[in-house]
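J.:
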Amino acid sequence: MIGTFAAALVAVLASFIVPIEITLNSANTEIAPPDGIGQVLSNLLLKLVDSPVNALLTANYIGILSWAVIFGIAMREASKNSKELLKTIADVTSKIVEWIINLTPFGILGLVFKTISDKGVGRLANYGILLVLLVTTMLFVAPVVNPLIAFFFMRRNPYPLVWNCLRVSGVTAFFTRSSAANIPVNMKLCHDLGLNPDTYSVSIPLGSTINMAGVAITINLLTLVTVNTLGIPVDFATAFVLSVVAAISACGASGIAGGSLLLIPVACSLFGISNDIAIQVVGVGFVIGVI
1 MIGTFAAALV AVLASFIVPI EITLNSANTE IAPPDGIGQV LSNLLLKLVD
51 SPVNALLTAN YIGILSWAVI FGIAMREASK NSKELLKTIA DVTSKIVEWI
101 INLTPFGILG LVFKTISDKG VGRLANYGIL LVLLVTTMLF VAPVVNPLIA
151 FFFMRRNPYP LVWNCLRVSG VTAFFTRSSA ANIPVNMKLC HDLGLNPDTY
201 SVSIPLGSTI NMAGVAITIN LLTLVTVNTL GIPVDFATAF VLSVVAAISA
251 CGASGIAGGS LLLIPVACSL FGISNDIAIQ VVGVGFVIGV I
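Oh and the sequence shown: position 193 is 193 in full-length UniProt numbering, straight run, nothing missing.
1. Please list the segments of the alpha helix (DSSP H) lying wholly inside the stretch 150-235, counting only runs of 4 or more residues, in order along the chain.
2. Are the stretch 4-17 and the stretch 136-153 touching by the rule of at least three beta carbon pairs closer than 8 Å?
3. Measuring alpha carbon to alpha carbon, tell me which residue in Gly36, Gln39, Val40, Trp67 is nearest serine 51.
4. Does the stretch 199-216 come close enough to the stretch 175-185 that 3 or more CB-CB pairs lie under 8 Å?
5. Going straight from the alpha carbon of isoleucine 20 to that of threonine 229, what length do you get?
6. Please name the residue in Leu242, Leu222, Pro233 whose C-alpha comes closest to that of leucine 134.
7. Could you tell me whether the Cβ atoms of glycine 63 and lysine 47 are closer together than 7 Å?
8. Assess, as a yes-or-no matter, whether the stretch 268-277 is touched by the stretch 32-47 under the definition of 3 or more beta carbon pairs within less than 8 Å.
9. Apply the 10 Å Cβ neighbour rule to asparagine 102 and answer buried if 16 or more other Cβ atoms are within range, or exposed otherwise.
10. If distances are taken between C-alpha atoms only, which option among Val284, Gly283, Ala278 comes closest to tyrosine 61?
11. DSSP state of glutamate 21, grouped into three classes?
12. Around the Cβ of proline 105, are there at least 16 other Cβ atoms within 10 angstroms (buried) or fewer (exposed)?
13. What is the rounded straight-line gap between the Cα of phenylalanine 16 and the Cα of glycine 214?
14. Cβ atoms of glycine 283 and leucine 111: under 7 Å apart, would you say?
15. Could you tell me which whole alpha helix (DSSP H) segments of length 4 or greater appear in the stretch 5-93?
16. Could you tell me how far apart the beta carbons of phenylalanine 5 and serine 243 are, in whole angstroms, since I believe they sit closer than 8 Å?
17. Rounded to the nearest angstrom, what separates valine 145 and glycine 194 at their Cα positions?
18. Just curious, the alpha helix (DSSP H) that leucine 133 is in, first and last residue?
19. Measuring alpha carbon to alpha carbon, tell me which of Thr238, Val171, Phe236, Ser249 ends up nearest alanine 216.
20. Three-state secondary structure (DSSP) at glycine 283?
21. Quick test of your reading: valine 266 and leucine 56, contact by CB under 8 Å. State the CB separation rounded to the nearest angstrom.
22. Can you give the Cα-Cα distance for glycine 170 and asparagine 186, rounded to whole angstroms?
23. If I measure Cβ to Cβ from valine 18 and keep anything under 6 Å in the same chain, skipping five residues before and after, which residues do I get?
24. Let me check understanding here. Comparing Cα to Cα, which of Val241, Pro233, Thr218 lies closest to glycine 285?
25. Quick check: the Cα distance between alanine 59 and alanine 246, rounded to an integer number of angstroms?
26. For the alpha helix (DSSP H) holding proline 265, just list the boundary residues, first then last.
27. Near alanine 237, what residues of its chain come up, given a Cβ to Cβ distance below 7 Å and the 5 sequence neighbours on each side ignored?
28. Does the distance from the CB of valine 168 to the CB of leucine 189 come in under 7 Å?
29. Can you give the Cα-Cα distance for leucine 124 and serine 42, rounded to whole angstroms?
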């Protein structure tokens, strides 16, 4: 969680240093931006305590996630058969989502065609700048922020271990864009390092689920790009709250490629951005994700 939050905070700083705008269709959408950090916290609290039925009806993703956590905690008391049923349902749902995401190249083809036909090839330049900023932020977090965290806990030079992990695991993780697909690579790396199997057999799958620095970076950058495009003022306190929300949301991101993009509407809702606009940003995320 510390690494994920630190990555989210770095993404906020990167967005403030290099503000980027993209093309969005917001002509027929009303936007009610918050007045400040107080209203952001108030809106966040109201969304958290919303009823589960109303959260589903109004696409209140924060409320849906909060109730999912509550139901998850309550389900700890369920019988073994009930837990197996829930796990099966979760696996089936993840597989369906994976099938849908596998169809995104066709949607991306349509998005690129419409962008070029309506706005010209020059509009894709902003996507390139956004992609460079996204990759640069990730490259800063991996060899700078993560070693600092490792040094704080290890009290020794972390770079031999960091470079070994980046060489073996980092490359496949970056190009597959899937933490779940990278689990076997990490398990073999732990075996080669001579670590205790009883420890890494639990920590690797768990870490692949909740340690989502790349997800937090993606959520924050794309959300703040949307905010800049719509002209919504953002102070650092509000961006800090966004980092907290992004870090928590990233812990529940799907381990499949592109699964993190579906959490962007959660972050966008903090700024009063409607789901219609947020989904457009998800489409942009799929475009640069393929690139």
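We put the CB at the ideal spot given by N, CA and C, even for glycine.
On a predicted model such as this, the values are computed, not experimentally measured, just so you know.
T.: Answer, in terms of the structure:
1. 159-165, 171-176, 183-192, 197-210, 213-230
2. yes
3. Position 51 of the sequence shown, counting from 1, holds the residue named residue 51. Comparing Cα positions, the closest option is Trp67.
4. yes
5. Locating residue 20 in the sequence shown gives position 20, where the first residue counts as 1. Locating residue 229 in the sequence shown gives position 229, where the first residue counts as 1. Their Cα atoms are separated by approximately 8 Å.
6. For the purposes of this step, residue 134 is taken as residue 134 along the sequence shown, with counting starting at 1. Taking only the C-alpha atoms, the option nearest leucine 134 is Leu222.
7. For the purposes of this step, residue 63 is taken as the residue at position 63 of the sequence shown. For the purposes of this step, residue 47 is taken as the residue at position 47 of the sequence shown. Cβ atoms of glycine 63 and lysine 47: closer than 7 Å.
8. yes
9. Mapped onto the sequence shown, residue 102 falls at position 102. So asparagine 102 counts as exposed.
10. Looking up residue 61 in the sequence shown gives position 61. Comparing Cα positions, the closest option is Ala278.
11. As a first step, residue 21 must be located in the sequence shown, where it is residue number 21. Glutamate 21: coil per DSSP, three-state reduction.
12. Locating residue 105 in the sequence shown gives position 105, where the first residue counts as 1. Exposed, since its Cβ has fewer than 16 Cβ neighbours within 10 Å.
13. The count along the sequence shown starts at 1 and reaches residue 16 at position 16. The count along the sequence shown starts at 1 and reaches residue 214 at position 214. Approximately 18 Å between the Cα atoms of the pair.
14. Along the sequence shown, one-based indexing puts residue 111 at 111. Along the sequence shown, one-based indexing puts residue 283 at 283. Result yes, Cβ atoms of leucine 111 and glycine 283 sit closer than 7 Å.
15. 37-48, 52-57, 61-74
16. Looking up residue 5 in the sequence shown gives position 5. Looking up residue 243 in the sequence shown gives position 243. Between serine 243 and phenylalanine 5 the Cβ distance is about 6 Å, and since that is below 8 Å, they are a contact.
17. Locating residue 145 in the sequence shown gives position 145, counting from the first residue. Locating residue 194 in the sequence shown gives position 194, counting from the first residue. Looking at the two C-alpha atoms, the distance is approximately 25 Å.
18. The residue given as residue 133 occupies position 133 in the sequence shown. Where leucine 133 is concerned, the enclosing alpha helix (DSSP H) stretches over 124-140.
19. Stepping through the sequence shown from its first residue, residue 216 is reached at position 216. Of the listed residues, the one whose Cα sits closest to alanine 216 is Ser249.
20. Residue mapping note: residue 283 aligns to position 283 of the sequence shown, counting from 1. Looking at glycine 283 - three-state DSSP - the assignment turns out to be helix.
21. In the sequence shown, the residue the question calls residue 266 occupies position 266. In the sequence shown, the residue the question calls residue 56 occupies position 56. Valine 266 to leucine 56, Cβ: 14 Å. No contact.
22. Taking the first residue of the sequence shown as position 1, residue 170 is located at position 170. Taking the first residue of the sequence shown as position 1, residue 186 is located at position 186. Whole-angstrom Cα-Cα distance: 9 Å.
23. Position 18 of the sequence shown, counted from the first residue, corresponds to residue 18. Excluding sequence neighbours, valine 18 sits near Leu133.
24. Start at 1 with the first residue of the sequence shown, and residue 285 comes out as number 285. Glycine 285 has its Cα closest to that of Thr218, out of Val241, Pro233, Thr218.
25. Counting from one through the sequence shown, the residue named residue 59 turns up at place 59. Counting from one through the sequence shown, the residue named residue 246 turns up at place 246. Answer to the nearest angstrom: the Cα atoms are 18 Å apart.
26. Here residue 265 is taken as the residue at index 265 of the sequence shown, counted from 1. It spans 264-268 - the alpha helix (DSSP H) in which proline 265 sits, taken as one unbroken run.
27. The count along the sequence shown starts at 1 and reaches residue 237 at position 237. Counting only Cβ-Cβ distances below 7 Å, and skipping sequence neighbours, we find Ile37.
28. Here residue 168 refers to the residue found at position 168 when the sequence shown is read from its first residue. Here residue 189 refers to the residue found at position 189 when the sequence shown is read from its first residue. Taking 7 Å as the Cβ cut-off, valine 168 and leucine 189 qualify as a contacting pair.
29. In the sequence shown, residue 124 corresponds to position 124, counting from 1. In the sequence shown, residue 42 corresponds to position 42, counting from 1. Looking at the two C-alpha atoms, the distance is approximately 37 Å.
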